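Peer 1: Chains as they are written, first to last, in the working numbering: chain E, 1 to 347; chain V, 1001 to 1381; chain Y, 2001 to 2332.
My questions all concern the structure below.
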Amino acid sequence: MTAQAAQTGQPLLSVQNLNIQIKMDNGIMNAVDGVDFEIHKGKTLGLVGESGCGKSLTSRAIISINPKECETTGDIVYHSDSEASLNRLNLLSLHPNGKQIRSIRGRKIAMIFQEPMTAFSPMYTIGNQLMEAIRIHRTKNKKEAKKIALEMLAKVGISDQEKRFDQYPHEFSGGMRQRAMISMALSCNPEILIADEPTTALDVTIQAQVLELMKKLQSEFGMAILLVTHDLGIIAQMCDEVAVMYLGKIVEQAPVKEIFANAKHPYTKGLLKSMPRLGGDKTKRLDSIEGTVPIPINMPPMCGFYDRCSDRIEGVCNTNAVPKTRITDQHSVRCFLYSDRQEGAAQ
Amino acid sequence: MRTIPAFKRQKPETLRPKKNTDANYSSQWRLMYLRFKKHKLAQISLFILALLYTVALFAQFIAPYGLQSYDSKYVNVPPMGFKFIDADGKFHIKPFVYELKSTRDPETMRKIFVPDTEKRHSLQFFVKGEEYKFLGLIKTSTHLIGVKEPGRVFLLGTDGMGRDLFSRIILGSQISLSIPLVGVGISLVIGLIIGGISGYFGGWLDSIIQRVIEIIRSFPTLPLWMALSAAIPPRIPVVTMYLYIVIIFAFIGWTDLARVVRGKFISLKNEDYVIAAKIAGVGSTKIIIKHLLPGFISYLVVATTLAIPGMILAETAMSFLGLGIRSPATSWGVLLQEAQKIENVALYPWKLFPLGIVILTVLTYNFLGDGLRDAADPYKK
Amino acid sequence: MLQYIIRRILLVIPVVMFISFVVFYIIQLPPGDYVSSYSATMSAAGDVMTQVEMDEMRSNLGLDRPVYEQYLVWVKKIVLHGDFGFSFNYNKPVLAVVKQYMGLTLVVSIVTMVFQYVVAIPIGIYTAVKQYSAGDYFFSGISFIGMATPNFLLAIILMFLSYTWFGDPLLGLFSNEYVNAPWSWDKAVDLMKHMVIPVIVIGLASTADLIRVMRGQMLDELNKPNVVTARAKGLSETRILLKYPTRAALNPIVSTIGWSLSSIFTGSTITAIVLNLPIQGPVMYNALLGQDMYLAGSWLLFMALLTVLGTLISDILLAWLDPKIRTEFRGN
Chain E
1 MTAQAAQTGQ PLLSVQNLNI QIKMDNGIMN AVDGVDFEIH KGKTLGLVGE
51 SGCGKSLTSR AIISINPKEC ETTGDIVYHS DSEASLNRLN LLSLHPNGKQ
101 IRSIRGRKIA MIFQEPMTAF SPMYTIGNQL MEAIRIHRTK NKKEAKKIAL
151 EMLAKVGISD QEKRFDQYPH EFSGGMRQRA MISMALSCNP EILIADEPTT
201 ALDVTIQAQV LELMKKLQSE FGMAILLVTH DLGIIAQMCD EVAVMYLGKI
251 VEQAPVKEIF ANAKHPYTKG LLKSMPRLGG DKTKRLDSIE GTVPIPINMP
301 PMCGFYDRCS DRIEGVCNTN AVPKTRITDQ HSVRCFLYSD RQEGAAQ
Chain V
1001 MRTIPAFKRQ KPETLRPKKN TDANYSSQWR LMYLRFKKHK LAQISLFILA
1051 LLYTVALFAQ FIAPYGLQSY DSKYVNVPPM GFKFIDADGK FHIKPFVYEL
1101 KSTRDPETMR KIFVPDTEKR HSLQFFVKGE EYKFLGLIKT STHLIGVKEP
1151 GRVFLLGTDG MGRDLFSRII LGSQISLSIP LVGVGISLVI GLIIGGISGY
1201 FGGWLDSIIQ RVIEIIRSFP TLPLWMALSA AIPPRIPVVT MYLYIVIIFA
1251 FIGWTDLARV VRGKFISLKN EDYVIAAKIA GVGSTKIIIK HLLPGFISYL
1301 VVATTLAIPG MILAETAMSF LGLGIRSPAT SWGVLLQEAQ KIENVALYPW
1351 KLFPLGIVIL TVLTYNFLGD GLRDAADPYK K
Chain Y
2001 MLQYIIRRIL LVIPVVMFIS FVVFYIIQLP PGDYVSSYSA TMSAAGDVMT
2051 QVEMDEMRSN LGLDRPVYEQ YLVWVKKIVL HGDFGFSFNY NKPVLAVVKQ
2101 YMGLTLVVSI VTMVFQYVVA IPIGIYTAVK QYSAGDYFFS GISFIGMATP
2151 NFLLAIILMF LSYTWFGDPL LGLFSNEYVN APWSWDKAVD LMKHMVIPVI
2201 VIGLASTADL IRVMRGQMLD ELNKPNVVTA RAKGLSETRI LLKYPTRAAL
2251 NPIVSTIGWS LSSIFTGSTI TAIVLNLPIQ GPVMYNALLG QDMYLAGSWL
2301 LFMALLTVLG TLISDILLAW LDPKIRTEFR GN
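In structure tokens:
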């Protein structure tokens, strides 16, 4: 099945016009602003961007676990092919702590987090926290749940599971903890796994192992992954499709090969340039994008990247909201440089 | 198109991260000040405390009557509010009080006071009264407010001996407000020296000091205070008594501060900049003064502020039990002795006024301490 | 773990010995001694004692010997015979006086302690979960005032209110008709009624403190990622609240139990004097004032011992409740 064929099918999850606003002392912050994307069965979508661009909020909004200060609007339509009751269900219309969303969390859509140390409670054994989801969603029987949990630990490559099961998080190494985290997330066979910077806190070698593990388990379980990261290297390794986020908006979205070969948005280009490359000129400094991400409070309609953009068009980019432009069927970008199909207008 | 100019104006504040502005380059003290300014309750508290201490400083001048003056004609007089409109409905620019006539309640046969509407005394500023030394230096007899003889003004009523409660609260504040300050001051000096030695040099010296502190802290505070206070000889001059009490409070209080100092010293002495100074051959004293002290002085201020309320309450409790300040000197605790019997509270509820002022002082110190604690760590979010 | 506890207990011994000496020294500090205060009382009653009589009494009581000798005799008796000396005021052995008051002191203290935790923990959780709500402000206000009010005066105010509302100030721990009555259901009910004010008064300040600590801990814990993880697993909010933040926030609270009991014991002193409770406070106060030194000394010693033990219990609990420390001990 080609990527094209998969994408024409019914998406597992489709996010439409997602907005998240947070009330601050000095105004309302549009942390996420009109985000659309789709997640397809068995595929990996990468959500990439600098810290503070709203990628974590977006991923968490899917299962409504953002703090209540986050005013979330839009549609998040979940389309399970395994359960009729979950067909075309708008997750945002559910009560954020209600029964229905809770029956989806952990069972249909599971999540792993950046900091495996703090994501586990230091008060309980790994086994205790691992069994929790299993006992809510799969079986009430304690023995059976333990059996499943031990199997899961084995699957993520943790040896001596019986002993590990009764240990506390502080007795695990960082990589081990993230493995345990993954086993916890996958323990109920979810259809979608949301991975929020799953390897950021880990050593590079461990990072590679964990990513490898995720890939292996994805092919085994057939779940879709939404991978949130700031690391383009991970995107290249893991994803089928990429959405680049900047200041609460998706500025460019395309299949992974297309992004690396044919990036359009100046921000994406900047990101790519700031990546170290094998065989690159070792004497030159890495490029970086000038400036930092502004805080989107009381922003007028304009391109959020305007201040940092080297190709900006004054009077256009800073006075109008940027529309989405389709480059190809699967490649879209939010930039005035392409809005009239006049590619490279500013060069 | 309202948005563009608005945006242009906003750009420096909200859109661009500030570069060379306050938040990035201010000194620690300025950051602390900025944070403290956000804490409204702490600011109000600071203002109230400043007011209380000013009043205490000029107590003899502000109080209409002196510590010793009493009038057996006016025993347990209820508070007299001053009035502007007299019994005939006539308005007076100057507030006034009526003279009191004592009669007996026809039912309970208890002595009560009724205003004698014939005799009106205007409240006046800078009245001549009992002689005292202004700020302990200049002999004078001018009081800030009062009424002309033979009038009497008892704004908060009088006690069982016919002494003006308002004057006594103000005069008592001199002791009640200064004992905790002096006590904490002494604790601070001891705590700073011993905690500093313990934290900076470490090793066996630290172990010994820590054991001693542990032992002192094992003493149950209140009974120890009581035992020590009981040991104060009964007939000694006020100043000596004051000193004894302050020393007793400081004796227990210093251990807390020593712990704060030691803890901070230990964490700071392993900071890179201190180690760098050491390697560069800077002497111990200079390292302590130049590098360590500024690092934790803010914590010290907080710890000190938060230690004061406990001392105020302790002094009040001790004096209340007759183990602290004793007459002829007075403090709020001494004044509250009259509230020990519920009959007194039931019949003369104004005797609880000193309680109100104690609560106010303790609350304000607590709020101030809270505000300072928030401000002390300006880099914390 | 066991080793740690044993080491800590061994450390307690020198501390208590040192404390006992200091205590004895402090007791000796006041000018005069029991004989002089006794003769003062007697002469007030019209019976003037002669110097010879006083000296004789002193040597009978062993008060004519140097301080350290008196101390050594006292300690020797405690260690060898469990004899804490003789109370001059009560005219019976110190131990008998202690026994007489210990029961009720313990009852009041333990009830106060339970009251503290039962009240403070739920309120602490509530105010943290509903941060900045009206309820939060209300309880925060109360706890601030609770910490700022001298508790003995609160006692007076509550007595006064009880007097005006119920016509009974509820002084002491029993109504007159029950003081010497044998234990019965009615007497127990009467005791409960009389304990309301003392328990509130003694417990208020520490309850207020506990509320603030619990609230702060809860706020910390509520923001921890493990709460988000639990939510992502599909747990219900109540279950999350109880299993993760509350359990973690309770650690430092539970470990205060050791300190708490001893601080209630000592903190109740003044309240007990004001409310005229038949517990240790007034006994101790009178012993200090009347220079009934063995009684006062024993009480102070007992208090110090309690404080040391309380700290020990707290330290052990703190270690025990932290899986990190616990597993370290398990490992060895």
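Glycine is no exception: its CB is placed at the ideal position from the N, C-alpha and C atoms.
These figures come from a predicted structure and were not determined experimentally.
Tell me which residues of the stretch 39-70 of chain E have at least one Cβ-Cβ distance to chain Y shorter than 8 Å, keeping chain order.
Peer 2: Cβ contacts with chain Y: R60, I63, I65.
Peer 1: With 8 Å as the limit, tell me which residues of the stretch 2276-2290 of chain Y have their beta carbon closer than that to any beta carbon of chain V; keep them in chain order.
Peer 2: Of all residues in the stretch 2276-2290 of chain Y, M2284, Y2285, L2288, L2289 have a Cβ within less than 8 Å of some Cβ in chain V.
Peer 1: Leaving out five residues on either side along the sequence, give the residues of the same chain with a beta carbon under 6 Å from the beta carbon of Y/A2272.
Peer 2: Taken in chain order, the residues that qualify are I2279, G2281, P2282.
Peer 1: So is V/V1114 buried or exposed if we call it buried at 16+ other beta carbons inside 10 Å?
Peer 2: It is exposed - the Cβ of V/V1114 has fewer than 16 other Cβ atoms within 10 Å.
Peer 1: Check whether chain V comes within 7 Å of Y/P2150, counting only Cβ atoms and requiring the distance to be less than that.
Peer 2: Yes, its Cβ sits closer than 7 Å to a Cβ of chain V.
Peer 1: Provide the residue span of the beta strand (DSSP E) that contains E/I28, from first to last.
Peer 2: From DSSP, the beta strand (DSSP E) with E/I28 extends over 27-39.
Peer 1: Can you tell me where the alpha helix (DSSP H) holding E/Q129 begins and where it ends?
Peer 2: Start and end: 126-137.
Peer 1: Short check: CB of Y/I2264 to CB of Y/S2162, under 7 Å?
Peer 2: No, the pair does not count as a contact, with Cβ atoms beyond the cut-off.
Peer 1: Could you tell me if V/T1158 is buried or exposed, where buried requires 16 or more neighbouring beta carbons within 10 angstroms of its beta carbon?
Peer 2: When all chains shown are included, V/T1158 counts as buried.
Peer 1: I'd like to know if Y/A2319 contacts chain E, where contact means its C-beta is closer than 7 Å to some C-beta of that chain.
Peer 2: No, no contact with chain E.
Peer 1: Which full runs of the alpha helix (DSSP H) of 4+ residues lie inside the stretch 134-210 of chain E, going along the chain?
Peer 2: Correct list: 142-155, 161-165, 174-186.
Peer 1: As a quick exercise: from E/D75, E/N298, E/I327, E/Q161, pick the residue whose alpha carbon is nearest that of E/I28.
Peer 2: Out of E/D75, E/N298, E/I327, E/Q161, E/N298 has the C-alpha closest to the C-alpha of E/I28.
Peer 1: Would you decide whether V/S1173 is buried or exposed? Buried here means 16 or more other CB atoms lie within 10 Å of its CB.
Peer 2: Buried, since its Cβ has 16 or more Cβ neighbours within 10 Å.
Peer 1: Under 8 Å Cβ to Cβ from E/P255, same chain only, skipping five residues before and after it: list those, please.
Peer 2: So the qualifying residues of the chain are A3, D240, E241, V242, Q330, H331.
Peer 1: List the whole-angstrom C-beta distance separating Y/A2230 from Y/I2240, where the pair is believed to meet the contact cut-off of C-beta under 8 Å.
Peer 2: About 5 Å separates the two Cβ atoms, so the contact holds.
Peer 1: For V/P1180, report the span of its alpha helix (DSSP H) as first-last.
Peer 2: From DSSP, the alpha helix (DSSP H) with V/P1180 extends over 1165-1201.
Peer 1: Straight-line CA distance for V/A1376 to V/S1027?
Peer 2: Looking at the two C-alpha atoms, the distance is approximately 13 Å.
Peer 1: Could you compute how far the alpha carbon of E/Q16 sits from the alpha carbon of E/K324?
Peer 2: E/Q16 and E/K324: Cα-Cα distance of roughly 14 Å.
Peer 1: Relative to the C-alpha of V/G1129, which residue among V/L1123, V/H1143, V/K1139, V/S1122 is closest?
Peer 2: The shortest Cα separation from V/G1129 among V/L1123, V/H1143, V/K1139, V/S1122 belongs to V/H1143.
Peer 1: Counting only Cβ pairs nearer than 7 Å, list the residues of chain V close to Y/M2303.
Peer 2: Correct list: P1220, P1223.
Peer 1: For chain V, is any of its Cβ atoms less than 7 Å away from the one on Y/M2308?
Peer 2: A small correction: the amino acid at residue 2308 of chain Y is Val; Met does not occupy that position in the sequence shown. It does: the Cβ of Y/V2308 has a partner Cβ on chain V nearer than 7 Å.
Peer 1: With a cut-off of 7 Å, does the C-beta of V/T1316 fall near any C-beta of chain Y?
Peer 2: Judged by the 7 Å Cβ criterion, V/T1316 is in contact with chain Y.
Peer 1: How big is the Cα-Cα spacing for V/G1263 and V/L1300?
Peer 2: Approximately 11 Å between the Cα atoms of the pair.
Peer 1: Which of the three DSSP states is assigned to E/E252 in this structure?
Peer 2: E/E252: strand per DSSP, three-state reduction.
Peer 1: Using a C-beta cutoff of 7 Å, does V/M1226 count as contacting chain Y?
Peer 2: Yes, contact with chain Y.
Peer 1: Quick check on V/H1092: does DSSP put it in helix, strand or coil?
Peer 2: Of the three classes helix, strand and coil, the one that applies to V/H1092 here is strand, per DSSP.
Peer 1: Can you list, in chain order, the residues of its chain whose CB lies under 8 Å from that of Y/Y2244, leaving out five sequence neighbours each side?
Peer 2: Closer than 8 Å at Cβ, skipping near neighbours: E2221, K2224, N2226, V2227, A2230.
Peer 1: Could you check whether the stretch 2124-2138 of chain Y touches the stretch 1307-1314 of chain V, counting it as contact only if at least three pairs of C-beta atoms, one from each stretch, sit closer than 8 Å?
Peer 2: With the cut-off at 8 Å, the stretch 2124-2138 of chain Y and the stretch 1307-1314 of chain V do not touch.
Peer 1: On the CB-based measure, 16 or more other CB atoms within 10 Å of its CB, does E/N30 come out buried or exposed?
Peer 2: Label assigned to E/N30: buried.
Peer 1: Mind listing which residues of the stretch 1354-1365 of chain V have their C-beta closer than 7 Å to chain Y's C-betas, in chain order?
Peer 2: Of all residues in the stretch 1354-1365 of chain V, L1355, V1358, I1359, V1362, L1363 have a Cβ within less than 7 Å of some Cβ in chain Y.
Peer 1: Would V/A1307 and V/H1291 be called neighbours here (beta carbons separated by less than 7 Å)?
Peer 2: It is not a contact, given that the beta carbons lie outside the stated cut-off.
Peer 1: Buried or exposed: V/I1004, going by 16 or more other Cβ atoms within 10 Å of its Cβ?
Peer 2: Below a pLDDT of 50, predicted positions are generally treated as unreliable, and V/I1004, at 32, falls in that range; the measurement from the model is reported next regardless. Looking at its Cβ environment, which holds fewer than 16 other Cβ atoms inside 10 Å, V/I1004 is exposed.
Peer 1: Is there a Cβ from chain Y that is less than 7 Å from the Cβ of V/A1023?
Peer 2: Residue confidence is low: V/A1023 scores 46 on pLDDT, short of 50, so the model does not pin down where it sits. Its coordinate-derived value is still stated next. Output row for V/A1023: interface = no.
Peer 1: In this structure, how does DSSP classify V/T1140 when only helix, strand and coil are distinguished?
Peer 2: Strand at V/T1140.
Peer 1: Got a sec: is the Cβ-Cβ distance from Y/K2130 to anything in chain E below 7 Å?
Peer 2: With 7 Å as the cut-off, Y/K2130 does not count as an interface residue toward chain E.
Peer 1: Looking at Y/S2197: is its Cβ nearer than 7 Å to the Cβ of Y/L2173?
Peer 2: Reading off the sequence shown, one finds Ile at residue 2197 of chain Y, where the question assumed Ser. Going by C-beta atoms, Y/I2197 is not nearer than 7 Å to Y/L2173.
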